[in-house]
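**Student:** Have a look at this one before I ask anything.
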Amino acid sequence: MKSIPLLNIAAVIAALTVLAIAYILVPEPRWTLAAIITAIGFAGSVGFVFYVPSILRGKRSGTDAQQMAAIGPLSLVSLLLLLAMSVSFVLALAGYEKLALAMLVLGVGLLLVAYLILSAALKVVENISAKGTQISHHVDWQGRVSILASTATHEESVAKLRAFGEKLRYSPNDMPGGSPQDAAIEQAFEQMSAQLQTDPAVNLTNQFGALDGLLAQRDTYLRSARGRA
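For what it's worth, numbering that gives the first Met the number 0 labels the leading residue of the sequence shown as 0, then goes sequentially.
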């Protein structure tokens, strides 16, 4: 995104502009060590306001969940940082150097703590978003059943596969963590696929009794799990 480098440049220009204006307006006797330090902090906080879009860009995910979750906290942190740094600079110019430096430390501490808390929160958001966007097993299985049905030449097996695929259409979506039956159903599909690769005319009908039972157990488990949620 070309606008992001431009905003980064704008952040640097804004910070330098603040420093230049402060240098022009503040009389030379007021430029103590505390005033210089807080002026740099104030200029940095102004630049940070323009740098926020770059941080949001870095939090990009497949569903933009992290970006959306970070907009509010980052905006609030940037405003609080700007307020703390501007107050510290004014205090330094007024001669309250220790208080000014304390306010500067408070602003930096606020930024660091907010960053750590936000990073931890965004990891949770991303994990939940990733789980919510995963394709449910039963949707994937429908595709595998269609492939198996197109490969098989045994008519009764093809009919069983299509009937099982129809059952999958009405199967409930996954819950986070899946169900205990998922692995067994996956294994059954792998076995049938291996058999069909060896002999497309193989009779698979004797395997659907167990598969139907596993699918029924999965449906019951997922519906009861949703009922308890």
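We put the CB at the ideal spot given by N, CA and C, even for glycine.
Helix or strand or just coil, what does DSSP make of residue 60?
**Tutor:** Annotation note: pLDDT 49 at residue 60 (below 50); position unreliable, coordinate value reported separately. DSSP places residue 60 in coil when its eight states are reduced to three.
**Student:** Quick one: what does DSSP say residue 194 is sitting in, helix, strand or coil?
**Tutor:** Residue 194 falls in the helix class under three-state DSSP.
**Student:** Given residue 52, which residues of its chain have a CB within under 6 Å of its CB, disregarding the five upstream and five downstream residues?
**Tutor:** For residue 52, where only same-chain residues beyond five positions count, the Cβ hits under 6 Å are 6.
**Student:** Under 8 Å, do residue 187 and residue 206 count as touching if we go by C-beta distance?
**Tutor:** Yes, Cβ-Cβ distance for residue 187 and residue 206 is below 8 Å.
**Student:** If you reduce the DSSP assignment to three classes, tell me which class residue 219 lands in.
**Tutor:** Helix, per DSSP.
**Student:** For residue 194, tell me which candidate among 155, 147 and 223 has the shortest Cα-Cα distance.
**Tutor:** Among 155, 147 and 223, the Cα nearest to that of residue 194 is on 147.
**Student:** Output needed for residue 33: all residues of its chain with C-beta closer than 7 Å, excluding positions within five of it in sequence on either side, in chain order.
**Tutor:** Cβ neighbours of residue 33 beyond the five flanking positions: 91, 96, 99 and 100.
**Student:** Just checking my contact of residue 80 with residue 109 at CB under 8 Å: how many whole Å lie between their CB atoms?
**Tutor:** Contact flag correct, Cβ pair sits at about 6 Å.
**Student:** Just to confirm, are residue 157 and residue 151 a CB contact at a threshold of 8 Å?
**Tutor:** Cβ atoms of residue 157 and residue 151: closer than 8 Å.
**Student:** What three-state label does DSSP hand residue 169 in the structure shown?
**Tutor:** The answer is coil: DSSP assigns residue 169 none of H, G, I, E or B.
**Student:** Within this structure, are the beta carbons of residue 117 and residue 141 separated by less than 8 Å?
**Tutor:** Not in contact: residue 117 and residue 141 (Cβ atoms no closer than 8 Å).
**Student:** Checking 8 Å against the spacing of the C-beta atoms, do residue 11 and residue 43 come in under that value?
**Tutor:** Not a contact, by the Cβ cut-off of 8 Å.
**Student:** According to DSSP, is residue 103 helix, strand or coil?
**Tutor:** Three-state result, residue 103: helix.
**Student:** Smallest Cα separation from residue 172: which of 161, 219 and 208?
**Tutor:** The candidate whose alpha carbon is nearest that of residue 172 is 219.
**Student:** Helix, strand or coil, according to DSSP, for residue 202 in the structure here?
**Tutor:** Correct three-state label for residue 202: coil.
**Student:** Between the Cα of residue 70 and those of 94, 114, 86 and 192, spot the shortest distance and give me the residue it belongs to.
**Tutor:** Ranking 94, 114, 86 and 192 by Cα distance to residue 70 puts 114 first.
**Student:** Sort 9, 16 and 217 by Cα distance to residue 135 and report the nearest one.
**Tutor:** Residue 217 is the option with its Cα nearest to residue 135.
**Student:** What number of angstroms, rounded off, separates the C-alpha of residue 50 from the C-alpha of residue 112?
**Tutor:** If you take the alpha carbons of residue 50 and residue 112, they lie about 18 Å apart.
**Student:** Taking 8 Å as the threshold (C-beta atoms), are residue 154 and residue 204 in contact?
**Tutor:** Against a cut-off of 8 Å, the Cβ pair of residue 154 and residue 204 comes out as no contact.
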